Amino acid sequence: MKNIIAFSGSTRSGSFHTRIIRSLAGLCPKDMAVTLFDLSAIPFYNEDLEGDQLPAAVHALRSDVDAADGIIFAAPEYNFSYSALTKNTIDWLTRPKGAGVLRDKKVALICVTPGPGGGKNVSKLLGDLLPFFGNTIVSTVTSPSIAEKIAPDADEITDLEFKASLTQALDAFG
Ligand SMILES: Cc1cc2nc3c(=O)[nH]c(=O)nc-3n(C[C@H](O)[C@H](O)[C@H](O)COP(=O)(O)O)c2cc1C
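For the sequence shown, the residue numbers in our numbering are 950 to 1123.
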């Protein structure tokens, strides 16, 4: 069983990125499980918390990523860049220096916006940044007008083209 861990860079209750991750269970191959990791208990990165002081939530974050076959960053675009939550996750996963569990993992990016931008800026930034940590970007899915592509009352993708791009993104983990 291929085990993919998924992060939403938004903790708001109606987050499109979180809802898209929830929809992936119905789209992934039979031999794959996609698990949403709740980032709401992860503090801002602080080197003082490393070692004996490491919060339990950060320990769980690192060990779940270490055990995963791949990572999905569902990353909202905030002011032409990544949200602080997405960046904070990357920061925790790239420390301790030289021993971060992010290293060499396969990554898929999902960046959507309700407006016309489509997450192009944040997907480009992450696509440029993550290979620095040895990550292979196996797929990048972006989309504008996302509210029109997801059911209003269920975590279900209604737009067939967008749905197909998500299915392909999961298949790309190999
Ligand atoms: C602080 C902030 C900055 C934003 N900046 C952008 C932006 O640069 N480009 C864009 O297309 N949308 C921008 N948006 C709109 C987000 O794409 C939108 O709120 C989106 O729904 C966030 O993802 P979520 O639904 O997963 O929370 C911004 C939203 C916030 C809260």
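All C-beta atoms in this analysis are idealised placements derived from N, C-alpha and C, irrespective of residue type, glycine included.
In this text, all values refer to a predicted model and were calculated from it rather than measured experimentally.
Can we count Thr-927 as close to ligand 1, meaning its CB is less than 7 angstroms from some heavy atom?
Because residue 927 is not part of the residues shown, which for the chain are 950 to 1123, the question remains open.
Cβ of His-1008 within 7 angstroms of any heavy atom in ligand 1?
no
Assigned exposure category for Glu-996 - 16 Cβ within 10 Å defines buried:
exposed
Burial state of Glu-1026 (16 or more Cβ within 10 Å)
buried
Output needed for Phe-1111: all residues of its chain with C-beta closer than 7 angstroms, excluding positions within five of it in sequence on either side, in chain order.
Ser-1092, Lys-1098
Given the structure, does Ser-934 come close to ligand 1, in the sense that its CB is under 7 angstroms from one of the ligand's heavy atoms?
Absent from the structure is residue 934, since the part of the chain shown begins at 950 and ends at 1123.
Straight-line CA distance for Pro-1101 to Leu-1109?
16 angstroms
Leaving aside the five residues before and after Gly-1049 along the sequence, list all residues of the same chain whose C-beta is less than 6 angstroms from its C-beta, in chain order.
Leu-1042, Thr-1043
Could you check whether the segment 954-961 touches the segment 1030-1040, counting it as contact only if at least three pairs of C-beta atoms, one from each stretch, sit closer than 8 angstroms?
yes
Nearest residue (CA-CA) to Gly-1083, options Asp-1001, Ile-954, Ile-1039:
Ile-1039
Extent of the continuous beta strand (DSSP E) run through Val-1056
1055-1061
Continuous alpha helix (DSSP H) assignments of at least 4 residues falling wholly in the segment 1014-1092:
1033-1042, 1069-1078
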